[in-house]
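Colleague:
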Amino acid sequence: MEGRIAIVADRVGWEERELTTDLGRRGVHAPWLNDESLGLGVPLDSSLNENDIVLIRSRSYTRGGLLASSFKAHGVQTINTASAIRTSENKVLARSVMHENKIPVPEFRLVLSRKDFQAALNDFTLPLVIKPVFGGMGRRVFLIRDADTAQSFYDYIEDLGHSFEQACLVERYLGNRSIRCFVVGRDIVASAEFESDGDTEWRSNAATGSRQRGIAHGVEVRHIVDRVVDVLGPGIYGVDLFEHAGSLVVNEVNHALAFRAIAETSEVDIVSILGDYLQKGLP
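Just so we're on the same page, this note's numbering is the position in the sequence shown counted from 1, plus 119.
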C-alpha cells in the first residue's frame with residue numbers, strides 16, 4: 120500500500136525513528152516535518168496537502184493544537200484531532216471536561232493569582248503539588264511540603280512575568296506511583312506502572328527517571344479509559360492515572376506521548392500496532 124503520513128515534531132527521537140522505519144516497511148512514506156518551520160496559514164503550502172495523514176507529535180503544549188487546527192481548516196486529517204489536542208494540552212480544560220462527563224479526576228484549584236494560591240493552601244492540607252496549566256515531562260512541577268516555604272514557590276511563578284506561564288493548578292500529592300495506559304484507537308495496548316523513590320525524586324514518570332514495569336489493566340482501568348476515549352474520540356493517547364482513596368483518577372492525558380519506556384516493559388510490539396492503526400487510516 121502506498122501513502123504518505125507526515126510526522127510533525129520538533130525533533131526526531133526514538134519514537135519517530137521507529138515509526139518511520141515501520142511505515143517504510145509497509146510502503147508508506149513518512150517524512151518528518153519540523154514544527155518550528157511550517158509557516159501554516161492561508162493559502163496552505165500545496166506540498167502539505169500531499170499528506171494523507173499528519174501525525175502531530177509536537178512536544179510543545181502550544182504548537183500541537185495550533186498546527187492541528189490549521190491543518191484541519193484546510194481539510195488535512197490529523198492524528199490526534201485538533202479538538203483532542205486542544206483539550207488534553209490544557210490540564211484545567213481536560214480535567215473540567217472529564218469531570219463534566221463523570222470521569223474521576225484529582226481535586227484541584229485553578230491558581231491565577233497569589234490570592235488563589237493562598238485560598239488553595241487554606242483548602243488543602245500539605246503536601247501539595249503545584250504545576251503549570253500548559254506543560255509536560257515534569258517541568259515546573261513542584262512539591263510543597265512545608266508551609267514556611269510555600270510562598271517561595273509562588274514567588275518563582277510570579278517572576279515568570281507572563282499570565283500564560285503563571286496559570287497553574289494546585290492539587291493534593293497522591294504519591295510517587297502512577298499508571299500510564301497507552302491507547303491506540305479505542306484500545307489499551309499496554310499499561311505500565313511508574314514509581315519514583317519518593318525522596319530525591321517524587322515525580323513518577325519516565326522523563327524524571329522513574330522505575331517502570333508492565334502491568335495488566337483491570338476492569339476499572341478499562342472502564343475509565345473507555346470513557347476518556349468517548350470524550351476525546353479515538354486516537355493515540357497516554358492516559359495517566361493515580362490511585363486516590365481506594366479508586367483511580369485521571370491525572371492527565373498526553374496527546375504526543377514518549378512511548379519508549381512503556382514499549383520496553385510490554386510484551387506486545389507497540390510500534391507495529393501504531394503502524395497498523397495509521398495505515399488503516401489511509402484513504
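Every residue gets a Cβ at the ideal spot worked out from N, C-alpha and C, and that includes glycine.
Answer yes or no: the CB of Leu-262 versus the heavy atoms of the ligand MG, is any distance below 6 Å?
Modeller: No copy of the ligand MG occurs in the structure displayed, which carries no ligand at all.
Colleague: Let's test the definition: count the other Cβ atoms within 10 Å of the Cβ of Gly-183 and tell me whether it reaches 16, buried, or not, exposed.
Modeller: By the neighbour-count rule (16 or more Cβ atoms within 10 Å), Gly-183 is buried.
Colleague: Give every residue of the same chain whose Cβ lies closer than 8 Å to the Cβ of Val-308, excluding the five residues on either side of it in the sequence, and list them in chain order.
Modeller: Same-chain partners within the cutoff: Phe-301, Val-302, Ser-385, Val-387, Ile-389, Ile-392.
Colleague: Just reading off the alpha helix (DSSP H) that Ser-215 is part of, what are its end residues?
Modeller: Counting along the chain, the alpha helix (DSSP H) containing Ser-215 begins and ends at 210-219.
Colleague: Give every residue of the same chain whose Cβ lies closer than 6 Å to the Cβ of Ala-60, excluding the five residues on either side of it in the sequence, and list them in chain order.
Modeller: Residue 60 falls outside the range modelled here, since the chain spans only 120 to 402, and no answer is possible.
Colleague: For my contact list, Leu-159 and Val-127 are in at a C-beta cut-off of 8 Å; report their separation, rounded to the angstrom.
Modeller: Contact flag wrong, Cβ pair sits at about 10 Å.
Colleague: In angstroms with no decimal places, state the Cα-to-Cα distance between Gln-237 and Arg-296.
Modeller: Those two C-alpha atoms are separated by around 27 Å.
Colleague: Which stretch, first to last residue, makes up the alpha helix (DSSP H) that contains Val-390?
Modeller: Residues 389-399.
Colleague: Gly-354 and Ile-249 look like a contact to me (Cβ under 8 Å); what is the Cβ gap, rounded to whole Å?
Modeller: The Cβ separation is near 29 Å, so there is no contact.
Colleague: What does Thr-197 pair with, by DSSP beta-bridge criteria?
Modeller: Val-173.
Colleague: Would you mind sorting Gly-255 into buried or exposed? The rule is 16 or more other CB atoms within 10 Å of its CB.
Modeller: The residue in question, Gly-255, is buried, as its Cβ has 16 or more Cβ neighbours within 10 Å.
Colleague: Could you spell out the range, first to last residue, of the beta strand (DSSP E) harbouring Ala-125?
Modeller: Here the beta strand (DSSP E) through Ala-125 covers 122-128.
Colleague: Terminal residues of the continuous beta strand (DSSP E) containing Ser-297?
Modeller: It spans 296-304 - the beta strand (DSSP E) in which Ser-297 sits, taken as one unbroken run.
Colleague: Count the other C-beta atoms from every protein chain shown that fall within 10 angstroms of the C-beta of Ala-266, then say buried if there are 16 or more, exposed otherwise.
Modeller: It is exposed - the Cβ of Ala-266 has fewer than 16 other Cβ atoms within 10 Å.
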